[in-house]
Amino acid sequence: MKIWVDADACPKAVKEILYRVAERTEIYVTLVANSPLHLPHSSFINLLQVGAGPDIADDEIADKCEEGDL
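Each residue of the sequence shown is one higher than the last, beginning at 4 in this note's numbering.
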């Protein structure tokens with residue numbers, strides 16, 4: 004299972020919770036955003052940077068997620 008997050012729309016407090024969850028549970032979290040983000044150093048947290056535009060991050064998440072992902 005992986006957790007996919009539209010990081011442009013996600014509040015900072017929620018992202019911080021997800022960072023802790025990723026480390027504690029060893030579940031991969033991928034943040035999808037159209038701008039660079041400062042992420043904690045972790046093998047379980049990744050950034051996928053996409054182009055700017057409406058629904059670009061959502062479309063990328065829909066394209067990449069697999070059965071069982073959140």
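Note that the Cβ used here is the ideal one computed from N, Cα and C, for glycine as well.
Open item on the list: In chain order, what are the residue ranges of uninterrupted beta strand (DSSP E) at least 3 long that sit wholly in the segment 10-44?
Closed with: The segment 10-44 is shown to contain whole beta strand (DSSP E) runs of 3 or more residues at 31-36, in chain order.
Open item on the list: So, under 8 Å CB-CB, V35 and E63 are touching, yes? Tell me the CB distance rounded to an integer number of Å.
Closed with: Contact flag correct, Cβ pair sits at about 5 Å.
Open item on the list: For S25, which residues in the same chain have their Cβ closer than 8 Å to its Cβ, ignoring the five residues on either side in sequence?
Closed with: The sequence given here places Ala at residue 25; Ser does not occur at that position. Counting only Cβ-Cβ distances below 8 Å, and skipping sequence neighbours, we find I6, Y31, V32, S45, F47 and I48.
Open item on the list: Would L51 and L40 qualify as a contact pair, given that the criterion is a beta-carbon distance under 8 Å?
Closed with: no
Task: N- and C-terminal bounds of the alpha helix (DSSP H) containing E63 - done: Taken as a continuous stretch (DSSP letters only), the alpha helix (DSSP H) holding E63 covers I59 to K67.
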